[in-house]
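Presented below is the structure to which this report refers.
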Amino acid sequence: PKRSLSGIQASGALHLGNYLGALKRFVDIQDEEPFIFVADMHAITVWQDPAVLAQQTREIACAYIAAGLDPKKATIFPQSAVPAHAELAWIFNCVARLGWLDRMTQFKEKSGKHKERSSVGLYTYPVLQAADILLYKATHVPVGEDQKQHLELTRDIAQKFNNDFGAPGGQPAFFPVTEPVIEGPATRVMSLRDGTAKMSKSDPSDASRINLMDDADAIAAKIRKAKTDPEPLPESVEGLAERPEARNLVDIYAALSSTTRAKVIEEFGGKGFGTFKPALAELAVEVMSPIGARMRELTGDPAQIDAILKDGAERARAVAEPVVAETKKLVGFWGA
Ligand code: AQP
């Protein structure tokens, strides 16, 4: 059976890239009753102030709901409230090979020049991610382009586990081989200041991104100031090939209006940024500012959010616990 799952780290304010690459797509599939978690265990792979981590977790849950997720359809929960994530991650740490993790480019980027001083957790992060996914036997994971390599590792871990433990006597494989779902015009939203860099919460320039909590004026100003070249938009999508900034703005427009790059070019091809940017700003404000406003309302009611997270955690545990119990049995643990 099809099961979708995804999550976002509780590591700070969300931006338009997270919205278009992840959040919006969770909402689009919510009738499939996906599991959507807040990755607080992933967040602590880099330092998080203990005084604010729980609040950051609530904020991601608020973002989910403000973006339109219905907690009755989607199971929304904090990762750390389901201990089976950590249990399965340990087993997977013993399945995954060092050579596989050594190839992970996100670790290389995030550890930078200070590899020796990075946490072990940052290194083994993709193994925890495999546990997050396979604990629910998820078959489909909607994510942005940057997660492609991690999803491939999840597939490798599932296959090795199935091979080593999972399919005794030719029974069907224990874990599914999960499909990453990297679709739509905005699987890699780029910085507004540099069309070759990913829009990211760690970019020191706030002008590089639109934050979910930005108000209408801030959204419009950032789009007005977004870097572009001086040419008008091309008459065909091929004309965007060597123009990363123009392509990024066209893709953002397409994603915000749930259409395609080609349709946007049909409408705006030949027009200058003097016409296109105000149209994009208007659209971005129309879509994003109600989400920000709803988030502000929801963050004022932590009890409501906590109730949603508690209920989600119970529902998640009910699915996860039998899977981890079965996994422990397959591994051969005492009493399992
Ligand atoms: N620029 C992006 N375009 C499209 N999708 C994106 N995602 C992130 N950036 C973009 C997707 O958002 C989901 C959640 O990401 P995450 O919270 O796991 O953390 P991240 O990938 O570390 O997010 P950032 O903002 O890029 O943080 P930093 O700056 O710390 O690296 C994922 O599905 C991701 O693909």
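In full-length UniProt numbering, the protein residues as written are 12 to 347. Where a beta carbon is used, it is the ideal one built from N, C-alpha and C, also for glycine.
Burial is judged here by how many other beta carbons sit within 10 angstroms of a residue's own beta carbon; K13 has fewer than 16 and is exposed. For A33, the distance from the CB to the nearest heavy atom of the ligand AQP is below 7 Å. Between the C-alpha atoms of S216 and V330 there is a straight-line separation of about 41 Å. For the alpha helix (DSSP H) assignment, the uninterrupted runs of no fewer than 4 residues enclosed by the segment 239-320 are, from N- to C-terminal side, 255-267, 272-279 and 284-310. For K209, the pairing in a beta bridge is given by DSSP as M201. Not a single heavy atom of the ligand AQP lies less than 7 Å from the C-beta of G343. Per the Cβ contact rule, the segment 204-219 is in contact with the segment 24-39 (3 or more Cβ pairs under 8 Å). Rounded to whole angstroms, Y134 and I221 show a C-alpha spacing of 29 Å. Distance from the C-beta of I19 to the nearest heavy atom of the ligand AQP is below 7 Å. The Cβ atoms of L80 and F37 sit closer than 8 Å to each other. Around the C-beta of R128, fewer than 16 other C-beta atoms lie within 10 Å, and the residue is accordingly described as exposed.
The three-state reading of DSSP puts P191 in strand, counting E and B together.
The straight-line gap separating the alpha-carbon atoms of K340 and I76 is approximately 37 Å. Straight-line spacing of the CA atoms in E242 and G283 works out to 7 Å. Around the CB of N174, fewer than 16 other CB atoms lie within 10 Å, so the residue is classed as exposed. Taking 4 residues as the minimum length, the alpha helix (DSSP H) runs contained wholly in the segment 38-95 are 51-54 and 61-78, in order along the chain. Cβ-Cβ separation between H151 and E194: approximately 11 Å, too far for a contact (criterion under 8 Å). Here P153 carries a strand assignment [DSSP, helix/strand/coil]. Counting other Cβ atoms within 10 Å of its Cβ, G346 stays below 16 and is therefore classed as exposed.
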